[in-house]
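Student: One structure, pasted below without further comment.
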Amino acid sequence: MDRFRYYWVDLHLHTVLSPCGELEMGAREIVFRAREAGLDVIAISDHNSCDNFPAVSELADGSPVVLPAIEVQTAEDIHVVTVFPDYDAARDFKDWLWLKMPPIKNDPDVFGYQVVVDSKDDIVRMEETLLIQGAGYDVDTVVSRAGERGAVTILAHVDRPAFAYPAVLGPFPEDYPVDALELSARLDSDQAEEWRQKYPSRVFIRSSDSHSPDTMSRGNCSRMLLEKPSFEEIRMALHGTDGRRVPWPWG
Ligand SMILES: [Zn+2]
Ligand SMILES: [Zn+2]
7 MDRFRYYWVD LHLHTVLSPC GELEMGAREI VFRAREAGLD VIAISDHNSC
57 DNFPAVSELA DGSPVVLPAI EVQTAEDIHV VTVFPDYDAA RDFKDWLWLK
107 MPPIKNDPDV FGYQVVVDSK DDIVRMEETL LIQGAGYDVD TVVSRAGERG
157 AVTILAHVDR PAFAYPAVLG PFPEDYPVDA LELSARLDSD QAEEWRQKYP
207 SRVFIRSSDS HSPDTMSRGN CSRMLLEKPS FEEIRMALHG TDGRRVPWPW
257 G
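Each residue of the sequence shown is one higher than the last, beginning at 7 in the working numbering.
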């Protein structure tokens, strides 16, 4: 039997904690939809928070594998997806991030509700601080501090006209110290190919950035060749280590 097989991995999706996330993005719907769509690994990556990871992880119970993540909004309003090996590391990073989180309150009528749930989707609390705002650290600092805590770091939706590194700061050096570049699932293969040609030495992933269940699908995420569906295997795949790899998502 082959040591490796392909797993379907979506490292970027939101829950009801993100104000822009649909209220149906609770733990039950996410786990149900991930199983229905045949996703093997999902990362719960809400804006500037990881507080709904425990609910989804507990309910999924390994099917799918659920990883803790945070989609950081930097001081420059650049989005960086940071995926952590375990919840302690994610919490520790969030504590650091929130040292410089401006004390702006969420207005649910304008932005939507920010709900922390348990695995039964009962409401634990409402997050009162607005999550879609720039935390007080620049992108270079966010990338390096997340990396120090063992995270995989990904420049989010680099193709988008806002909240993306190229849109805010322009082209980045080819060796910018993140583990991968993310492209939006909505790109067609020609549009995606343009990005591959701009950064030919980099590994690209496709992520759904789902805010509702209907966009969670294999066609909106990435295939990865892994020995098993785990954080460490994904890290190795992003670096092409020892036979693991991430094929071009539009291939
Ligand atoms: Zn984003
Ligand atoms: Zn997002």
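Backbone N, C-alpha and C define an ideal beta-carbon position, used for all residues, glycine too.
Under 6 Å from any heavy atom of ligand 2, by CB: list those residues in chain order, please.
Tutor: H18, H20, E77, D215
Student: What do you reckon, are the CB atoms on I110 and F90 nearer than 9 Å?
Tutor: Taking a C-beta distance under 9 Å as the contact criterion, I110 and F90 do not qualify as a contact pair.
Student: Would you check whether ligand 1 has a heavy atom nearer than 8 Å to the C-beta of A186?
Tutor: Remark: the C-beta of A186 is outside contact range of ligand 1, defined as less than 8 Å to any heavy atom.
Student: Per DSSP, L161 forms a beta bridge with which residues?
Tutor: V86, L187
Student: Under a Cβ-count criterion, where at least 16 other Cβ atoms within 10 Å of its own Cβ denotes burial, should K100 be classed as buried or exposed?
Tutor: buried
Student: Can you name the residues that DSSP bridges to T135?
Tutor: In DSSP, T135 forms a bridge with K111.
Student: Thinking C-alpha only, which one of G153, K106, R208 is nearest E180?
Tutor: R208
Student: Could you tell me if S223 is buried or exposed, where buried requires 16 or more neighbouring beta carbons within 10 angstroms of its beta carbon?
Tutor: buried
Student: Go ahead and pull the three-state DSSP assignment for M230.
Tutor: Reduced to three states, the DSSP call for M230 is strand.
Student: Helix or strand or just coil, what does DSSP make of S63?
Tutor: helix
Student: Say whether the stretch 7 to 25 touches the stretch 218 to 234, bearing in mind that this needs 3 or more beta-carbon pairs closer than 8 Å, one atom from each stretch.
Tutor: Judged by pairs of C-beta atoms under 8 Å, the stretch 7 to 25 touches the stretch 218 to 234, as three or more such pairs exist.
Student: Which class does E77 belong to by DSSP, given the choice of helix, strand or coil?
Tutor: strand
Student: Considering only heavy atoms of ligand 1, does any lie closer than 8 Å to the CB of A162?
Tutor: yes
Student: Cα-Cα, which of I211, P219, D165, R192 is closest to E200?
Tutor: D165
Student: With three or more C-beta pairs closer than 8 Å as the rule, is the stretch 67 to 87 touching the stretch 243 to 253?
Tutor: no
Student: List the DSSP bridge partners of H53.
Tutor: In the DSSP output, where bridge partners are listed per residue, H53 has E77.
Student: Skipping 5 residues on each side, what residues in its chain have a beta carbon closer than 7 Å to that of A66?
Tutor: Answer for A66: V37, V72, listed in chain order.
Student: Buried or exposed: which applies to P177, given that a residue is buried once 16 or more other Cβ atoms fall within 10 Å of its Cβ?
Tutor: exposed
Student: For S125, which option in P167, L232, M31, D194 has the closest C-alpha, if you only look at C-alpha atoms?
Tutor: M31
Student: By Cβ distance below 7 Å, which residues in the same chain neighbour S69 in space, the five residues on each side in sequence not counted?
Tutor: R41
Student: Where does F210 sit, in a helix, a strand or coil, going by DSSP?
Tutor: strand
Student: I'd like to check one pair, I129 with V116: are the Cβ atoms closer than 9 Å?
Tutor: no
Student: Given a cut-off of 9 Å, decide if P183 and V149 are closer than it, judged by their beta-carbon atoms.
Tutor: yes
Student: Pull up the CB-CB distance for H20 and S213, whole angstroms please, since I reckon it's below 8 Å.
Tutor: Wrong, their Cβ atoms sit about 11 Å apart, outside the cutoff.
Student: Any heavy atom of ligand 1 closer than 8 Å to the CB of F169?
Tutor: yes
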